[in-house]
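Participant: Quick one: the structure is below, questions incoming.
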Amino acid sequence: MTRLYEQIIIAVDHSSEASYAFQTALGIASRNIGSTLHIVHVMDSSVLSPLNSGMETTTLERVQREADELLARFERQAEDYGLQFVRTVAEIGSPKNFIVKEYAKEIQADLIICGATGKSGLQRMFVGSVSEAIVRSATCDVLVIRTPEHLWET
1 MTRLYEQIII AVDHSSEASY AFQTALGIAS RNIGSTLHIV HVMDSSVLSP LNSGMETTTL
61 ERVQREADEL LARFERQAED YGLQFVRTVA EIGSPKNFIV KEYAKEIQAD LIICGATGKS
121 GLQRMFVGSV SEAIVRSATC DVLVIRTPEH LWET
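Counting from 1, position 80 in the sequence shown corresponds to residue 80 in the UniProt record's numbering; the numbering is continuous, with no gaps.
Here it is as structure tokens:
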């Protein structure tokens with residue numbers, strides 16, 4: 001019996017990995033008729049906070065506008081693909097916490113999809129991996145999508 005996913009989260013940012021993962025999310029959502037695809041973009045507050053202290057209002061507005069444009073682009077693609085139930089969410093905070101501990105819990109997500117960044121071990125040690133945190137913390141199924149150029153990296 002095929003499992004039906006009703007609440008599907010796709011975590012997106014401006015990366016090619018997120019765009020690639022989004023294509024997979026479209027396919028999964030379309031095969032789970034009646035499901036809702038939640039397109040979630042979290043602007044990392046740890047990156048914005050140092051900037052925030054001296055950041056001009058116009059810069060903050062630009063960051064928010066870019067997030068809105070990103071979500072609108074993904075939403076258009078989902079609608080063009082034929083999905084009926086699409087929701088976009090923009091948040092400022094910790095992507096690792098918001099996606100799993102707040103939003104997935106709130107909507108009772110069945111599946112979280114995200115792209116793998118292909119960061120080296122050293123980069124992950126300092127920056128951390130959102131996809132790794134999602135896999136470790138989620139109580140639902142998680143699908144991490146690697147782009148073709150990262151398939152055989154170690």
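Backbone N, C-alpha and C fix where the C-beta goes; we use that ideal spot for every residue, glycine too.
Along the chain, where does the beta strand (DSSP E) containing I112 start, and where does it finish?
Facilitator: Residue numbering aside, residue 112 sits at position 112 when the sequence shown is read from its first letter. Here the beta strand (DSSP E) through I112 covers 111 to 115.
Participant: Can you check whether the CB of T147 is closer than 9 angstroms to the CB of Y20?
Facilitator: Numbered from 1 along the sequence shown, position 20 holds the residue referred to as residue 20. Numbered from 1 along the sequence shown, position 147 holds the residue referred to as residue 147. A contact, by the Cβ cut-off of 9 angstroms.
Participant: Give the range of the beta strand (DSSP E) segment to which T36 is assigned.
Facilitator: Your numbering for residue 36 matches position 36 in the sequence shown. 36 to 44 is the extent of the beta strand (DSSP E) around T36.
Participant: Of the choices I134, A116, T139, A133, whose alpha-carbon is the least far from that of C17?
Facilitator: Along the sequence shown, one-based indexing puts residue 17 at 17. The sequence given here has Glu at residue 17, not Cys. When only C-alpha atoms are compared, the closest one is A116.
Participant: Using the DSSP secondary-structure output, state which residues sit across from residue 173 in a beta bridge.
Facilitator: With the chain running from 1 to 154 in the structure shown, residue 173 is simply not present.
Participant: On the DSSP bridge list, what partners appear for L143?
Facilitator: In the sequence shown, the residue the question calls residue 143 occupies position 143. I113, per the DSSP bridge assignment.
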